[in-house]
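Student: After the structure tokens below, expect a handful of questions from me.
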Amino acid sequence: MSRLVIKAKCMKVLNEAGRVGTDDEAIQHGKNFYKFMFGHHPDLRVFFKGAENFTPADVQNSDRFAKQGNKNSPLILYFLNRQKLLLAVRIIINTYDDPETFRAYARETINRHIKFKIDRALWLAFFTVLVNSLKEHTIVDEEAEKAFLQIGKEFSDECLKHIVALNLCN
């Protein structure tokens with residue numbers, strides 16, 4: 001598949017269950033990913049300070065996940081913007097057919113995450129979590145799943161190259 005076809009397959013799925021926006025459905029899409037991650041991968045909660053013990057129900061009902069942003073609460077702005085991860089995913093997918101920008105975004109993502117000391121294996125694993133989350137809310141056929149995982153592998157590969165170039169231990 002060409003990069004353009006891979007991108008299109010992923011965007012079709014994201015437009016069904018991974019939208020970003022201000023309407024209720026898009027807001028719920030953002031919550032759905034966090035609910036899935038917190039429920040199926042509780043070990044990842046450590047990256048969400050103050051929400052380490054949250055359940056999926058807590059995510060659904062918490063003001064911290066319900067607010068787009070509150071200037072009085074840096075934690076909400078920094079960690080728990082309900083659509084932050086989906087927005088990043090959409091940027092990754094939308095730049096896939098522009099390899100230079102795609103790789104630059106991977107490097108910039110690492111630069112923004114250095115302080116979290118994220119295990120190298122998680123950069124690729126994230127895309128499996130994403131696909132499994134999307135499968136709970138829409139049909140992800142085999143080709144679309146392969147497309148997401150291909151993008152995930154290339155994104156992860158660039159992240160790992162940058163981690164090595166920066167001489168980071170994580």
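Residue numbers (UniProt numbering): 1 to 170. A virtual CB, placed ideally from N, CA and C, is assigned to each residue, including glycine.
Please classify K117: is it buried, with 16 or more other beta-carbons within 10 angstroms of its beta-carbon, or exposed?
Tutor: Residue numbering aside, residue 117 sits at position 117 when the sequence shown is read from its first letter. K117 comes out exposed.
Student: According to the Cβ coordinates, are L86 and W123 closer than 8 Å?
Tutor: For the purposes of this step, residue 86 is taken as the residue at position 86 of the sequence shown. For the purposes of this step, residue 123 is taken as the residue at position 123 of the sequence shown. Not closer than 8 Å, so no.
Student: Return the chain-ordered list of same chain residues with a C-beta closer than 7 Å to the C-beta of F148, the five sequence neighbours on each side being excluded.
Tutor: The residue you call residue 148 lines up with position 148 of the sequence shown. Counting only Cβ-Cβ distances below 7 Å, and skipping sequence neighbours, we find C10, F127, L130 and V131.
Student: Closest to L14 by C-alpha separation, out of A26, R103 and N167, would be which residue?
Tutor: Within the sequence shown, numbered from 1, the residue matching residue 14 stands at position 14. Comparing Cα positions, the closest option is A26.
Student: According to DSSP, simplified to helix, strand and coil, what is L166?
Tutor: In the sequence shown, the residue the question calls residue 166 occupies position 166. In the structure shown, L166 sits in coil (DSSP, three-state: anything other than H, G, I, E or B).
Student: Comparing alpha-carbon positions, which option in E100, T55 and S156 lies nearest R120?
Tutor: What you label residue 120 is simply residue 120 of the sequence shown in a count that begins at 1. Checking every option, the nearest Cα to that of R120 belongs to S156.
Student: Taking DSSP as the reference, what is the three-state secondary structure of Q83?
Tutor: Stepping through the sequence shown from its first residue, residue 83 is reached at position 83. It is coil, neither helix nor strand.
Student: Using the Cα positions of D24 and P99, report the straight-line distance between them to the nearest angstrom.
Tutor: As a first step, residue 24 is located in the sequence shown; it is residue number 24 there, counting from the start. As a first step, residue 99 is located in the sequence shown; it is residue number 99 there, counting from the start. Looking at the two C-alpha atoms, the distance is approximately 33 Å.
Student: Report, in whole angstroms, the separation of the C-beta atoms of Y105 and I91, which I expect to be a contact under 8 Å.
Tutor: Stepping through the sequence shown from its first residue, residue 105 is reached at position 105. Stepping through the sequence shown from its first residue, residue 91 is reached at position 91. Right, their Cβ atoms sit about 6 Å apart.
Student: What is the DSSP secondary structure of I151, reduced to helix, strand or coil?
Tutor: Position 151 of the sequence shown, counted from the first residue, corresponds to residue 151. Helix.
Student: Once the 5 residues before and after R19 are set aside, which same chain residues still bring their CB inside 6 Å of it?
Tutor: Position 19 of the sequence shown, counted from the start, is the residue given in the question as residue 19. Within the same chain, R19 has close Cβ partners A26 and H29.
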